[in-house]
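Notes follow once the structure below has been shown.
Okay, structure coming up:
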């Protein structure tokens, strides 16, 4: 075989890497073909950066095709090349990709660790696109782990950054993620608005990968709104796009969505077929999150058909996997379903145990922090309707809440001080009179008790006591205080006209 000239090999390697990049979003399979060709030519050129790019693109394409073990092998090779050649930006990209592989494998805590490592590298290098991608990935991991507050914060930061960058793909990704946050808050109208805008932007930039996500999400909203035919149409559109992309994980997601809608419509045989197909595929590809969803959905059909023992066994398997990958939102539903099933089988002790597990986990996830974050999100996205130009981050909301608390505290202290001043001013004079009269009373007792004098002293004391009682009653009944100047800047409460 004739030796290939190095210059030719160099050009072919660059060309195939460029082709791989072009095909990455819309055809991972073609991307993989080009990146592997680039690797063949790179062996001749021996340029570290080209070597890294070919390995990195290969890893990404394999992850999109759900070939996770192979993807990780190429990813670790790319990390090694980047480290040995001190290529900091490339190292950040490779570590980020490792996090993506972890996430697809449902190893969310490990994924977060790698995404944060990549985030720190990109921050030091001021690489905005990398920072944005990390924020999206971090938000997704937090969502799967049930940390909705973390999801929202990451999404807000990503959106602000993407607007500055003007990158339509990243903006559309942010809109999609924000739509998911609204969906989680049960605000289906706002979620639908964001998903539809995502789909439109994805179509404008001819990105079928992002369009497939948006179509799936719109279908979910329509299902919740009981617009069943519109929902099925969206899912079938998404399925065609996922098949075109050869996105096995996405295909599983979409088949689950279709199965759930047919189950809701009462077509249990068709729904069962979808779920059983997904279970088979996800076992082969080891995509555990989708496996949990499919098993849980299948157990619902078994329950509807009266196969309670089969349903319980299925949920137990789903629970073990969900605990392993720590997907709390799925665990909540599993605990609830197990409690109901054990109640139906009259195993009340286990029914109680799983009801308590359900209640405890739900309390952990749906805390007051979530409600506050949703309220902050609602306020901030009013400005988003005007082209997202005035959006503020969640930390701005936290500052506002902190400032508000300080103002309330200051007002409370001011009110307390004014009340103390009022009490001191209004009560001191009658107390002085009382004390004086007590002295006079002692003097009269010592000097043979003049009855007329005693009666006068007693009347004065009663008057002072009545005045103190009136002041305390007025303070007790005070609802909307008016203030008046006391001395300099100190104010007191006005309790009588």
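Numbering (this note's numbering), first residue to last: 1 to 497.
Cβ coordinates follow ideal geometry from the N, Cα and C atoms, glycine included.
Treat the numbers as computed from the prediction; the structure is a model and nothing was measured.
Near residue i, what residues of its chain come up, given a Cβ to Cβ distance below 7 Å and the 5 sequence neighbours on each side ignored?
| i | result |
| --- | --- |
| residue 197 | 175 |
| residue 294 | 256, 275, 278, 279, 282 |
| residue 36 | 58 |
| residue 12 | 41 |
| residue 151 | 139, 142, 143, 181 |
| residue 214 | 176, 195, 198, 199, 202 |
| residue 386 | Bear in mind that the predicted position of residue 386 carries a pLDDT of just 40, short of 50, making it unreliable; the figure below should be weighed with that in mind. So the list is empty, once near-sequence residues are dropped. |
| residue 179 | 191, 194, 195, 198, 217 |
So, using beta-carbon positions, are residue i and residue j closer together than 8 Å?
| i | j | result |
| --- | --- | --- |
| residue 165 | residue 209 | no |
| residue 141 | residue 119 | no |
| residue 63 | residue 71 | yes |
| residue 291 | residue 315 | no |
| residue 358 | residue 351 | no |
| residue 333 | residue 296 | yes |
| residue 16 | residue 34 | yes |
| residue 78 | residue 55 | yes |
| residue 224 | residue 188 | yes |
| residue 218 | residue 199 | yes |
| residue 254 | residue 104 | no |
| residue 20 | residue 9 | no |
| residue 86 | residue 125 | no |
| residue 248 | residue 66 | yes |
| residue 308 | residue 336 | no |
Report all residues from its chain with a CB closer than 6 Å to the CB of residue i; omit the five preceding and five following residues, and keep chain order.
| i | result |
| --- | --- |
| residue 369 | The pLDDT assigned to residue 369 is 49, lower than 50, so where the model puts this residue is not dependable, and the model offers no usable value. |
| residue 110 | 102 |
| residue 24 | 31 |
| residue 95 | 114, 117, 118 |
| residue 122 | 92, 130, 131 |
| residue 362 | 332 |
| residue 14 | none |
| residue 74 | 55, 58, 59 |
| residue 381 | At residue 381, the pLDDT of 48 sits below 50, so the modelled position is not reliable and the matter cannot be decided from this model. |
| residue 318 | 292, 295, 296, 334 |
| residue 388 | At residue 388, the pLDDT of 42 sits below 50, so the modelled position is not reliable and the matter cannot be decided from this model. |
| residue 29 | 246 |
| residue 50 | 13, 42 |
What are the boundary residues of the alpha helix (DSSP H) that includes residue i?
| i | result |
| --- | --- |
| residue 25 | It is not in any alpha helix (DSSP H) - residue 25 carries neither H nor E in the DSSP assignment. |
| residue 152 | 148-165 |
| residue 127 | Per DSSP, residue 127 belongs to no alpha helix (DSSP H) and is neither H nor E. |
| residue 266 | Taken as a continuous stretch (DSSP letters only), residue 266 belongs to no alpha helix (DSSP H), as it is neither H nor E. |
| residue 334 | 328-344 |
| residue 92 | 88-104 |
| residue 325 | 308-325 |
To which residues of the same chain is residue i closer than 8 Å at the C-beta, ignoring the five residues directly before and after it?
| i | result |
| --- | --- |
| residue 289 | 106, 144, 325, 327, 330 |
| residue 310 | 299, 302 |
| residue 168 | 201, 204, 205 |
| residue 265 | 228 |
| residue 234 | 215, 216, 218, 219, 222 |
| residue 183 | 191, 217, 220, 221 |
| residue 323 | 331 |
With residue i and residue j assumed to form a contact (beta carbons below 8 Å), what rounded beta-carbon distance in angstroms separates them?
| i | j | result |
| --- | --- | --- |
| residue 221 | residue 192 | 5 Å |
| residue 300 | residue 252 | Actually they do not touch by this definition, with Cβ atoms about 17 Å apart. |
| residue 162 | residue 171 | 5 Å |
| residue 137 | residue 99 | 6 Å |
| residue 250 | residue 212 | 6 Å |
| residue 267 | residue 238 | Wrong, their Cβ atoms sit about 19 Å apart, outside the cutoff. |
| residue 261 | residue 232 | 6 Å |
**Q.** Segments of 4+ residues assigned as alpha helix (DSSP H) that fall wholly inside the segment 167-230
**A.** 168-184, 188-204, 208-224
Q: Within the segment 44-82, note down every full alpha helix (DSSP H) run reaching 4 residues or more, in order along the chain.
A: Runs of the alpha helix (DSSP H) inside the segment 44-82: 48-64.
Q: Enumerate, from N- to C-terminal direction, the unbroken alpha helix (DSSP H) stretches of 4 or more residues contained entirely within the segment 242-300.
A: Along the segment 242-300, the alpha helix (DSSP H) occurs as fully enclosed runs of 4 or more residues at 248-264, 268-285, listed in sequence order.
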